[in-house]
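*Asks:* Can you read through this structure? Questions will come right after.
2 protein chains.
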Amino acid sequence: MVINMDSLVKVVVDAMGGDNAPFELVKGAVEAVNESEKVKCFLVGDTDTINTELAKYQYDSSRIEIVHASENITNDEAPVMAVRRKKDSSIVVGMKLVKEGQADGFVSAGSTGAVLVGAQLIAGRIRGVERTPLAPLVPTLTGCSLIIDSGANVDARASHLVQFAKMGSIYMENVIGVKNPRVAIVNVGVEEEKGNALVKETYPLLKNCPDINFVGSIEARQIPYGDADVIVCEAFVGNVILKLYEGVAGALVSKIKEGLMSTPVSKVGALLSKKALKKTLKGFSIEEYGGAPMLGLNGLIMKTHGNSKSIEVKNSILQCIKFSESNITDKIKRNLQE
Amino acid sequence: MVINMDSLVKVVVDAMGGDNAPFELVKGAVEAVNESEKVKCFLVGDTDTINTELAKYQYDSSRIEIVHASENITNDEAPVMAVRRKKDSSIVVGMKLVKEGQADGFVSAGSTGAVLVGAQLIAGRIRGVERTPLAPLVPTLTGCSLIIDSGANVDARASHLVQFAKMGSIYMENVIGVKNPRVAIVNVGVEEEKGNALVKETYPLLKNCPDINFVGSIEARQIPYGDADVIVCEAFVGNVILKLYEGVAGALVSKIKEGLMSTPVSKVGALLSKKALKKTLKGFSIEEYGGAPMLGLNGLIMKTHGNSKSIEVKNSILQCIKFSESNITDKIKRNLQE
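These protein sequence lines are chains A and B, in that order. Position one of the first sequence corresponds to residue -2 (my numbering), numbered consecutively onward. Position one of the second sequence corresponds to residue -2 (my numbering), numbered consecutively onward.
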């Protein structure tokens, strides 16, 4: 079969970022290329290191290309300074490929701060976008929901939140495939008069926004039950939601394992139920959904967890394909510049 | 045995508030009186209704007294208006007993808004206390932690958060028995320069506060692991934490039940591990800790969940005993007025 290289979606993968770099990053890129014929990956980082990893796999070599970068930004570095100084780091080199239009998307498990800064300074915002939110997907009992914003830009204004609602709706509809996604704002109660100053100012703006399907306030308790698809909030709150989601789920699963191992009888029970339990819990796992998209940029920037495995990297790359195919950037441009 | 009625801790129970009123409220009061000889309960509400419930139990009748109240405040009512108008409601009548010094504490599963408003308007703040936080205990892998504030007063100032840290420390040390409780502020990262405007302003104040054991920032992910005892945050964030805790735990447990019931083999496994699992999960249950104390008032006001069972009511009453015995109100007065 002949693949038309021009029609491929081109995704940059930061091969050097994250706890499991380069192994899981390179593996994820190989898995994505093997799963979809629509994608070409650029692995950015040290050429020799990446070549050593690539040698382990079978794949269409015309669809994986190494782009050398001699430097690496770590989590300990101050993001703005690091992005400005390390011109030959994998994040800076990768973002430039996006900016120059050589790539449609960028996936990194590296420093969140550096990715967010690099996205703004190098890839660049879509004109009209006031702020670029980081919007992770969280699992719910009925599928998944987008938490927008949970990035590093705290203390948002009402106009930012309205843009988040619009961009989040476009993403959920086109990339995740949720028709007419329900938008809700995180609040301390469902009554319209409830909320802090920001929520009270934002609520009527969302209510009167014709481009979205606003369903009102959502209490945090209802998020895991899937009561809304696009969960709008200020970044500090979104960050708390995302991290507590992980924390409570992690702690509870370890508590359950402790319970299952606590008596000889329960150990037998654990053995018998292990397979079914694992399968069900997989449906409630954050890793299944790939990384968090950063929206409002010229291209899709995906930030995956620092400890991402190849499945998360692969799923992030696959999201870039849908993102590019649905022309999300054009849709956001039209919608926000109206 | 002769009980000295004067030395008893006197706790008002709102018999009419909550989804399970009066049944679980009356039952909880009876259980508390039967478990501790140190307490006397005033059941506030409709005399006939309460008498019908009381007739079901055996207890020391000298330590349960009915105080008639002909009205009831529901969740649908605007709190301030309801408290002002319904002078003969169980909440208003009960709060007055606290204000007049006839009772040391008040327990309600009724309207959170009305309890918070009643506490401020009727029971009254301790002089020097700027805001009275609602501070629920949440389960962790190592015990429990206090989330302070998660009430209805959003958009707090830095000085409020410092008082929350002090009052929360006194509560955890004296009522829950945690020596030298670790205080942390909820943040989006652990580095000192991280945070929104409020956190950045509060952090140095907490750091320089000699009365508390401040351990720095805590990310929401670490709360369920018990990394701090007193979790300081603004009420909007605290409300999100409390409700998401319940939501994720509830959704995950239902997902696990689904997994355990999904195949014939796993069903057998579930049967064998059920007992051990239940016992372990009980240690991670919010109900075990009773209600949320509202601090900084002339007396202890405990708000329990709307759907509280008798165990939560009983545990809230028992917390009132410890609260009173440790002279928390005096300790807060001394600490905040220094």
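Cβ coordinates follow ideal geometry from the N, Cα and C atoms, glycine included. Computed from a predicted structure; not experimentally measured.
#1: A/Ala26 lies in the alpha helix (DSSP H); which residues open and close that run?
#2: For B/Pro121 and chain A, any beta-carbon pair shorter than 8 Å?
#3: Any chance the segment 216 to 225 of chain B sits against the segment 218 to 228 of chain A, with 3 or more Cβ pairs inside 8 Å?
#4: When you compare each of A/Lys272, A/Ala248, A/Ala149, A/Glu68 to A/Thr46 by their alpha carbons, which one comes out closest?
#5: So B/Val262 packs on A/Leu269, CB below 8 Å; how close in whole Å?
#6: Expressed to the nearest angstrom, what Euclidean distance is found between the alpha-carbon atoms of B/Glu198 and B/Ile238?
#7: Does B/Tyr242 have its Cβ less than 8 Å from a Cβ in chain A?
#8: For a quick check, are the C-beta atoms of B/Val41 and B/Ile318 less than 8 Å apart?
#9: Excluding the five sequence neighbours on either side, which residues of its own chain have a C-beta within less than 8 Å of the C-beta of A/Leu278, listed in chain order?
#10: Please list the segments of the alpha helix (DSSP H) lying wholly inside the segment 234 to 279 of chain B, counting only runs of 4 or more residues, in order along the chain.
#11: Name the residues in the segment 137 to 170 of chain A whose C-beta lies less than 8 Å from a C-beta of chain B; which are they?
#12: Answer with buried or exposed for B/Pro201, where buried requires no fewer than 16 other C-beta atoms within 10 angstroms of its C-beta.
#13: May I have the straight-line CA-CA distance separating B/Ala155 from B/Glu231, to the nearest angstrom?
#14: Whether or not the segment 129 to 144 of chain A and the segment 15 to 35 of chain B are in contact is what I'm after, with contact meaning three or more pairs of Cβ atoms, one per stretch, closer than 8 Å; do they touch?
#15: What residues match up with A/Ile215 in a beta bridge as DSSP calls it?
#16: Would you say A/Ile47 faces chain B, with C-beta separation under 8 Å as the test?
#17: Are B/Asn171 and B/Lys328 close, meaning C-beta to C-beta below 8 Å?
#18: Restricting to Cα atoms, I'd like to know which of A/Ile253, A/Lys271, A/Lys264, A/Val229 is closest to A/Leu134.
#19: Within 10 angstroms of the Cβ of A/Met291, are there 16 or more other Cβ atoms? Answer buried if so, exposed if not.
#20: Could you work out which residue in B/Lys311, B/Gly121, B/Val112, B/Val10 is closest to B/Gly296 when comparing CA atoms only?
#21: Which one or two residues does DSSP pair with A/Val289 in a beta bridge?
#22: Can you name the residues of chain B whose CB is closer than 7 Å to the CB of A/Gln219?
#23: Cβ of A/Ala273 less than 8 Å from any chain B Cβ?
#24: Thinking C-alpha only, which one of B/Gly102, B/Asn177, B/Lys272 is nearest B/Val212?
#25: Just checking my contact of B/Gly266 with A/Ala267 at CB under 8 Å: how many whole Å lie between their CB atoms?
#26: May I ask you to report which of helix, strand or coil DSSP gives A/Leu118?
#27: Leaving aside the five residues before and after A/Lys336 along the sequence, list all residues of the same chain whose C-beta is less than 7 Å from its C-beta, in chain order.
#28: Mind checking the segment 257 to 282 of chain A against chain B and listing, in chain order, the residues whose C-beta falls within less than 9 Å of any C-beta there?
#29: Give me the residue from A/Met258, A/Asn304, A/Asn332 with the minimum Cα distance to A/Gly293.
#30: So, using beta-carbon positions, are B/Val151 and B/Ala111 closer together than 8 Å?
#31: Within the 8 Å Cβ cut-off, does A/Ile253 reach chain B?
#32: Within this structure, are the beta carbons of B/Glu21 and B/Val310 separated by less than 8 Å?
#33: Using a Cβ-Cβ cut-off of 6 Å (strictly less than) and excluding sequence neighbours within five positions of B/Asn184, which residues of its own chain qualify?
#34: Relative to the C-alpha of A/Gly102, which candidate in A/Arg218, A/Lys240, A/Val36 has its C-alpha closest?
#35: Do you know offhand how far B/Val104's Cα is from B/Lys252's?
#36: To which residues of the same chain is A/Phe233 closer than 8 Å at the C-beta, ignoring the five residues directly before and after it?
*Replies:* According to the structure data:
#1: Taken as a continuous stretch (DSSP letters only), the alpha helix (DSSP H) holding A/Ala26 covers 20 to 32.
#2: The sequence shown places Gly at residue 121 of chain B, rather than the Pro named in the question. No, B/Gly121 does not count as interfacial toward chain A.
#3: Too few Cβ pairs lie closer than 8 Å, so no.
#4: Of the listed residues, the one whose Cα sits closest to A/Thr46 is A/Glu68.
#5: For B/Val262 against A/Leu269, the beta-carbon gap comes to about 5 Å, under 8 Å, which counts as contact.
#6: Cα to Cα, B/Glu198 sits roughly 21 Å from B/Ile238.
#7: At least one CB atom of chain A sits nearer than 8 Å to the CB of B/Tyr242.
#8: Contact: no.
#9: In its chain, beyond the 5 residues on either side, Val250 have a beta carbon closer than 8 Å to the beta carbon of A/Leu278.
#10: Fully enclosed alpha helix (DSSP H) runs of 4 or longer: 261 to 279.
#11: Residues Thr137, Leu138, Ala149, Val151, Asp152.
#12: When all chains shown are included, B/Pro201 counts as exposed.
#13: About 9 Å.
#14: As far as the Cβ criterion goes, the segment 15 to 35 of chain B does not touch the segment 129 to 144 of chain A, which means the pair count is below three.
#15: Per DSSP, the beta-bridge partners of A/Ile215 are A/Val183.
#16: So, not an interface residue.
#17: Yes, the Cβ-Cβ distance between B/Asn171 and B/Lys328 is below 8 Å.
#18: Looking at the Cα atoms, A/Val229 is the closest of the given residues.
#19: Burial check for A/Met291: the Cβ neighbour count within 10 Å reaches 16 or more, so the residue is buried.
#20: With distances taken between Cα atoms, B/Gly296 lies closest to B/Gly121.
#21: Correcting the residue identity first, residue 289 of chain A is Ala in this sequence and not Val. BP columns for A/Ala289 point to A/Lys300.
#22: Simply Gly244.
#23: The beta-carbon of A/Ala273 is placed less than 8 Å from the nearest beta-carbon of chain B.
#24: Selected option, being the one with the closest Cα: B/Asn177.
#25: Sure, about 7 Å apart at Cβ, within 8 Å.
#26: Three-state DSSP puts A/Leu118 in a helix.
#27: Any answer about residue 336 of chain A is impossible in this case: the structure gives chain A only from -2 up to 335.
#28: When CB distances to chain B are screened at a threshold of 9 Å, the residues of the segment 257 to 282 of chain A falling below it are Leu257, Met258, Ser259, Thr260, Val262, Ser263, Lys264, Val265, Gly266, Ala267, Leu268, Leu269, Ser270, Lys271, Lys272, Ala273, Leu274, Lys275, Lys276, Thr277, Leu278, Gly280, Phe281, in chain order.
#29: Checking every option, the nearest Cα to that of A/Gly293 belongs to A/Asn332.
#30: Going by C-beta atoms, B/Val151 is not nearer than 8 Å to B/Ala111.
#31: At a cut-off of 8 Å between beta-carbon atoms, A/Ile253 makes contact with chain B.
#32: Yes, Cβ-Cβ distance for B/Glu21 and B/Val310 is below 8 Å.
#33: Sequence-distant partners of B/Asn184 (beyond 5 residues in either direction) whose C-beta falls short of 6 Å from its own C-beta, in its chain, are Lys191, Gly192, Val196, Ser214.
#34: Nearest of A/Arg218, A/Lys240, A/Val36 to A/Gly102, Cα basis: A/Val36.
#35: Each residue's alpha carbon lies about 33 Å from the other.
#36: Val151, Asp152, listed in sequence order.
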